[in-house]
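Below is one structure, written out as structure tokens; the observations come after it.
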Amino acid sequence: MAIQIALFNHKGGVSKTTTVFNLGWMLASKGKKVIIVDCDPQCNLTGMVLGFKDSDEFEAIYQAEGVRNIRDGLAPAFESRPVPIEAVTCEEINGQPNMILLPGHIGLAEYEVTLGIAQELSGSLVTLQNLPGSIFHLFNLTAKKYNADYLLVDMSPSLGPINQNLLMTSDFFLIPMAPDYFSVMATNSLASIFPKWRAWAEQAKTNPLLRNATYPFPAKSPKFMGTIVQKYRLREGKTPSAAFQKWINEIENGVKNKLIPALKKSDMLLPDANYTNANITLCEPIIQMSDFNSLIALSQKHKAPIFSLTDAQLEATGIVLERTKKSMRQFEELYSDGADKIIHLAENV
Ligand SMILES: Nc1ncnc2c1ncn2[C@@H]1O[C@H](COP(=O)(O)OP(=O)(O)O)[C@@H](O)[C@H]1O
Ligand SMILES: [Mg+2]
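Numbering (our numbering), first residue to last: 2 to 350.
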């Protein structure tokens with residue numbers, strides 16, 4: 002069965018989408034078959050991967066034959082259609098045969114309220130009992146169809162019922178953050194939301210109506226992999242500048258003193274030895290990335306990861322090219338180390 006990893010933080014702009022794409026690509030280049038899943042109704046991941054600039058281009062894949070995006074995949078359950086959920090036909094990704102995209106849809110937001118009601122009532126309304134397990138069922142069928150090893154789930158910045166469902170039906174979760182005040186605040190609210198979500202999922206897992214539904218609610222026990230801290234500015238190209246370092250320290254304090262104790266209490270951590278063996282120090286970021294600077298625009302322009310742009314795509318020569326290539330190799334190493342830790346943790350449970 003594919004390993005499902007959710008990238009979650011209800012704060013926006015912390016590099017969730019960018020990380021799903023780049024980390025997914027890195028896992029794929031290490032030989033893993035990866036599906037990146039766009040569960041944000043804003044569809045940034047879909048737009049980025051497929052290079053869409055305007056809504057006409059989205060319309061073209063939405064109108065195409067068959068089940069081609071997350072909303073159409075879930076429609077049989079959410080719109081009570083007399084047909085079963087079937088696997089999504091995913092989009093290929095130029096230059097990376099081991100990675101495919103399960104496209105997003107703005108209309109996914111329309112299912113939020115219904116799913117919220119279904120999860121509150123936890124199956125006591127027979128007409129809604131198939132909804133809490135339907136997202137996992139769709140992912141599982143799609144992963145089987147493509148023989149996937151990993152599903153990386155990009156999420157919207159919210160604490161809504163869809164995210165609650167996605168997180169609690171994943172195997173693991175990563176928390177991307179930015180070194181700023183808002184990420185410190187977010188750590189606090191995550192520490193209080195996870196125990197609530199966990200309590201809900203425990204009840205949903207044992208509820209006979211949900212367990213025996215057409216799309217059973219899966220018996221998952223999601224575990225924390227770590228944080229990913231992005232976009233700090235470099236001082237003399239090495240360590241984070243003082244202002245950013247202050248926020249990085251505050252984040253680490255919050256993770257250590259609030260988040261980790263809350264996760265431990267909610268059984269959302271693996272045994273300590275699993276982290277040690279994967280070379281992960283829990284309260285430190287699993288990946289810490291500086292600002293991509295000019296590489297981010299080139300990466301988006303060429304729909305290629307930060308770490309594997311060609312000389313031609315780098316649009317530079319001489320010393321500038323050499324400097325850019327050097328920083329590209331540093332990002333490659335960071336993503337590669339991060340991917341190794343993630344693979345080790347995920348595959349040695
Ligand atoms: N390490 C980084 N350096 C520079 N820009 C980044 C970095 N990571 C992400 N970005 C940019 O920051 C913005 C927010 O990133 P995004 O991945 O969309 O975050 P989220 O999905 O959490 O909202 C985007 O414009 C993205 O291109
Ligand atoms: Mg995003």
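Glycine included, every Cβ here is placed at the ideal spot set by N, Cα and C.
The C-beta of residue 320 has fewer than 16 other C-beta atoms within 10 Å across all chains shown, which makes the residue exposed. The DSSP-derived three-state label of residue 216 is coil. Here residue 291 carries a strand assignment [DSSP, helix/strand/coil]. Excluding residues up to 5 positions away in sequence, 195, 199, 223, 224 and 225 lie with their Cβ nearer than 7 Å to the Cβ of residue 269 in the same chain. Within the segment 55-141, the complete beta strand (DSSP E) runs of at least 3 residues fall at 100-103.
Excluding five sequence positions before and after residue 52, the CB atoms of its chain that fall closer than 7 Å to its own CB belong to 304, given in chain order. Here the segment 325-338 lies against the segment 290-303, with 3 or more beta-carbon pairs under 8 Å apart. The segment 196-250 contains, as complete alpha helix (DSSP H) runs of 4+ residues, the segments 209-212 (chain order).
The beta-carbon distance between residue 175 and residue 227, rounded to whole angstroms, is 6 Å. This is short enough to meet the 8 Å contact definition. For residue 231, the shortest separation between its Cβ and any heavy atom of ligand 1 lies below 6 Å. For residue 153, same chain residues with a beta-carbon under 6 Å away, outside a window of 5 residues either side, are 6, 21, 25 and 37 in chain order. Looking at 255, 181 and 40, the one whose alpha-carbon comes closest to that of residue 14 is 181. Put simply, the backbone Cα of residue 298 is about 12 Å away from that of residue 19. Residue burial annotation: residue 186 is exposed, with fewer than 16 other C-beta atoms found within 10 angstroms of its C-beta. For residue 221, the distance from the CB to the nearest heavy atom of ligand 2 is not below 6 Å. Between ligand 2 and the CB of residue 57, the shortest heavy atom gap is not smaller than 6 Å. For residue 165, the enclosing alpha helix (DSSP H) starts and ends at 162-169. Under the DSSP assignment, residue 178 falls in the beta strand (DSSP E) whose first and last residues are 173-178. DSSP, reduced to helix, strand and coil, places residue 270 outside both helices and strands of the structure shown, so it counts as coil. Secondary structure note for residue 313: its alpha helix (DSSP H) is the uninterrupted segment 312-315.
Proximity of the beta carbon of residue 10 to ligand 2 is not indicated: no heavy atom of the ligand is located closer than 6 Å. In this structure, residue 84 sits away from residue 68, with a CB-CB distance that is not shorter than 7 Å.
Note on geometry: alpha-carbon atoms of residue 8 and residue 157 lie some 10 Å from one another. Relative to ligand 2, the beta carbon of residue 146 is positioned no closer than 6 Å to any heavy atom. In the same chain as residue 75, and ignoring 5 residues on each side of it, the C-beta atoms closer than 8 Å to its own belong to 86, 109, 112, 135, 136 and 139, in chain order. For residue 99, the closest of 148, 39 and 184 by C-alpha to C-alpha distance is 148.
DSSP places residue 155 outside any alpha helix (DSSP H); the residue lies instead in the beta strand (DSSP E), whose first and last residues are 151-155. With a beta-carbon spacing of about 5 Å, residue 130 and residue 214 fall inside the 8 Å limit used to define contacts. With a threshold of 16 other beta carbon atoms within 10 Å, residue 81 falls short and is exposed. In the three-state reduction of the DSSP assignment, residue 7 falls in the strand class.
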